[in-house]
Amino acid sequence: MPTLTIPDAAYRELADLARSQDTTIDALAVRLLGADSVAIDSDYHAECEADATPVPTLAEARAVAAKVPGSFAADLIAEREER
Amino acid sequence: MVDGLLATVGSRHFISRLAAVELHSALAKKVRTCQLTRADFELVTRRFRADVAAKRFEVIRVLVSHFRTAEELVRRLSLTNNLRTLDALQLAVALGLNDPARPVTFVSADRALCAIAASEGLTVVNPEAP
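Laid out in structure tokens, this is it:
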């Protein structure tokens, strides 16, 4: 699904429509386009698919991860604590 | 354990777009602190993009409804639990995907977040749990 740029006026119309139906713009979009179309970030998938550089093997990626002492998950948890 | 989940026939594996940002941020910090080289950073992130392209992970948009749910979770839970902003957003995305007909298994190595996710009705897997 390509990204749509919605003019502010049109967005306000959508917001009014969603409000009148006691729902959200997201829910309205799900109803109109289907849950997967809205939920999956197809733009990001397309960006990743367009990358033509060589792909390392999983073993190569794991070898890099193994160079980092401790738990990578612990680092992510610690970073969230800083936010 | 995670390899087993990924290998389960017929299962789909989702991450939020936020997780992609967090992954890059955590790896970048490793470069800044000289634990990884720039080449390491490029290698791992390239592999990640390839996994996304191959749909080993399907990336979920973070929507207005997720922010709304995250705020509600923080209002309700963070006064007594260490549910942080990004935890709440990740959990909101998982709750948004959860469906009785297609239940979500929430995978996180954060014990506190797993406990909260379970209390919200998600099946939870902590790959680092003993």
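Protein chains in written order, with the working numbering: chain A, 1 to 83; chain B, 1 to 130. Note that beta-carbon positions come from the ideal geometry of N, C-alpha and C, so glycine has one too. Quick caveat: nothing in here was measured; it's all calculated off a predicted structure.
Unbroken alpha helix (DSSP H) stretches of 4 residues or longer found wholly inside the region 18–66 of chain A: 25–33, 35–39, 42–50 and 58–66, given in chain order. In this structure, the beta-carbon distance from A20(B) to V59(B) falls below 8 Å. For T80(B), the closest alpha carbon among the candidates D40(B), L23(B) and A115(B) is that of A115(B).
Listed in chain order, the non-local C-beta contacts of Q21(A) below 8 Å within the same chain comprise L28, local neighbours out to five positions each way being set aside.
T37(B) carries a coil assignment under DSSP once its states are collapsed to helix, strand and coil. For E49(A) and A101(B), the gap between their C-alpha atoms comes out near 30 Å.
Look at E120(B) here: in three-state DSSP terms it is coil, with no helix or strand label. When C-beta distances to chain A are compared with 8 Å, the residues of the region 74–99 of chain B below that value are R84, T85, L86, D87, G96 and L97, in chain order. Assignment of I77(A) by DSSP, reduced to helix, strand and coil, places it in the helix class. Assignment of R49(B) by DSSP, reduced to helix, strand and coil, places it in the helix class. Counting only Cβ-Cβ distances below 9 Å, I60(B) has contacts in chain A at A39, I40 and D41, in chain order. Taking the C-beta atoms as reference points, T45(B) is found nearer than 8 Å to H24(B). Between V44(B) and chain A, the shortest Cβ-Cβ separation is below 8 Å. For S11(B), there are no neighbours in chain A by C-beta distance under 8 Å, as the nearest C-beta there is about 15 Å away.
Taking a cut-off of 8 Å for Cβ pairs, the region 59–79 of chain A and the region 29–42 of chain B touch, as three or more such pairs fall below it. P130(B) and D26(A) have their C-alpha atoms roughly 39 Å apart.
In the DSSP assignment, E58(B) is bridged to F14(B). Residues of chain A whose Cβ lies closer than 9 Å to the Cβ of E128(B) are, in chain order, S71, A73 and A74. When Cβ-Cβ separations below 8 Å define contact, L18(B) makes no contact with chain A. Closer than 8 Å to the CB of I25(A) there is at least one CB belonging to chain B.
Listed as beta-bridge partners of V107(B) by DSSP are V125(B).
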